[in-house]
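Sequential numbering of the sequence shown, starting at 78, is according to my numbering.
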Amino acid sequence: CEEDTSLGCMIFTHTVAQELILASGKTHALMIKKEDQIEQSLIAFQIYENPFEMKPMTRAVKDSDGFYISGSLKYVVAGHLKGKAIIPAILNNDNIAFFLIDLSEKSIHSSPPILSLGLHACGAIDIELNKTRGILLGSEKNGKKYYSRLTEKMSLAAAAMSLGIMKGSLKEAINYSKIRSQGGKKIIDWSELKMILANMAIQVKTSEMLIDRACQAVDQKERNSFDCVRATTITVQSSACKLTTDGIQILGGVGYMKDFGQEKRYRDAHQIQSIFGLLPLKKLQYINLLLKKD
Numbered sequence: 078c079e080e081d082t083s084l085g086c087m088i089f090t091h092t093v094a095q096e097l098i099l100a101s102g103k104t105h106a107l108m109i110k111k112e113d114q115i116e117q118s119l120i121a122f123q124i125y126e127n128p129f130e131m132k133p134m135t136r137a138v139k140d141s142d143g144f145y146i147s148g149s150l151k152y153v154v155a156g157h158l159k160g161k162a163i164i165p166a167i168l169n170n171d172n173i174a175f176f177l178i179d180l181s182e183k184s185i186h187s188s189p190p191i192l193s194l195g196l197h198a199c200g201a202i203d204i205e206l207n208k209t210r211g212i213l214l215g216s217e218k219n220g221k222k223y224y225s226r227l228t229e230k231m232s233l234a235a236a237a238m239s240l241g242i243m244k245g246s247l248k249e250a251i252n253y254s255k256i257r258s259q260g261g262k263k264i265i266d267w268s269e270l271k272m273i274l275a276n277m278a279i280q281v282k283t284s285e286m287l288i289d290r291a292c293q294a295v296d297q298k299e300r301n302s303f304d305c306v307r308a309t310t311i312t313v314q315s316s317a318c319k320l321t322t323d324g325i326q327i328l329g330g331v332g333y334m335k336d337f338g339q340e341k342r343y344r345d346a347h348q349i350q351s352i353f354g355l356l357p358l359k360k361l362q363y364i365n366l367l368l369k370k371d
């Protein structure tokens, strides 16, 4: 993710969908036919939405031969590949469950690829469903439990993408400051600029340590390890947004140009912090969970 986060986000989206399938026990849904093209094996998912914070605009109705889903969904990542997708839908009992659908079905209307803030090479679309057949993943009642397991595993992967952006921004800032001259000397020799680079380097190292410690807590199944994951993810993603701003400033005016990668890293960092829901809502959720424990 140091150079381009879009590929990492595509892999992340597919892995999130796989983790949800595994959590539900529907492992046969992971099977891909040999004759399928590689892009058809990628599973689309709404990685920027938390369906239990903002209810989905889709409803699933059970019929004699399965479930049929109607409604609309915004920003389905990797949906433009017209392969499979996992989507949330509200059931008649108001529970939220997840379903596997085929985006190539005629009952689905897809928008053109959406131009977003960042991650332009990781395409997404809006979709409208009209009685689209869906395969229920797991139990109708356990959608929230599956999603919680998923976020506990994958939040650190999202934080690692932000860390990659931070490393790339620091690297380009250092390289540029070594060749750019101002006031009769290389700009890296100016103490004010060195202070900015020092703060960037400290943020990178701190984020590395946080992710390493959070991974250790999860691997060792420490008590309240998910609290560690939440705090780490929020901190690293916030730091990435601040650091990429400094990365642009180091390059001066050209930092805003697409000839360099700093402006793209800035956009990508801000978009990644919305994975699994908006950052302010994640902060509120964190403190609410702590208050419940007291």
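Even glycine gets a Cβ: it sits at the ideal position worked out from N, Cα and C.
Bridge partners of residue 134 according to DSSP: 149.
The straight-line gap separating the alpha-carbon atoms of residue 288 and residue 310 is approximately 8 Å.
Between residue 231 and residue 92, the gap from beta carbon to beta carbon is short of 9 Å. Residue 127 sits in coil when the DSSP states are folded into three classes, being neither helix nor strand.
Beyond the five residues adjoining it in sequence on each side, residue 186 comes within less than 6 Å, by CB distance, of 205 in the same chain, given in chain order. Rounded to whole angstroms, the separation of the alpha carbons of residue 306 and residue 250 is 29 Å.
For residue 210, the enclosing beta strand (DSSP E) starts and ends at 201-213.
According to the DSSP secondary-structure assignment, residue 140 is paired through a beta bridge with 143.
In this structure residue 89 is in contact with residue 234, their Cβ atoms being roughly 6 Å apart against a cut-off of 8 Å. A contact is defined here as three or more CB-CB pairs under 8 Å, and the segment 167-180 meets this definition with respect to the segment 119-132.
The alpha carbon of residue 152 has as its nearest neighbour, out of 300, 216 and 190, the alpha carbon of 190. The DSSP-derived three-state label of residue 190 is coil.
At a Cβ-Cβ threshold of 9 Å, residue 293 and residue 195 do not count as neighbours. The three-state reading of DSSP puts residue 350 in coil, since its state is none of H, G, I, E or B. Under the DSSP assignment, residue 119 falls outside any alpha helix (DSSP H); it carries neither an H nor an E label.
Per the Cβ contact rule, the segment 294-302 is not in contact with the segment 351-368 (fewer than 3 Cβ pairs under 8 Å).
For residue 78, the closest alpha carbon among the candidates 338, 370, 369 and 357 is that of 338.
DSSP places residue 303 in the uninterrupted alpha helix (DSSP H) bounded by 302-328.
Between the alpha carbons of residue 218 and residue 122 lies a distance of about 20 Å. The three-state reading of DSSP puts residue 268 in helix, counting H, G and I together.
With respect to the 9 Å criterion, residue 210 and residue 167 are not classified as neighbours on the basis of their beta carbons. With respect to residue 118, residue 148 sits apart: the two C-beta atoms are not nearer than 9 Å.
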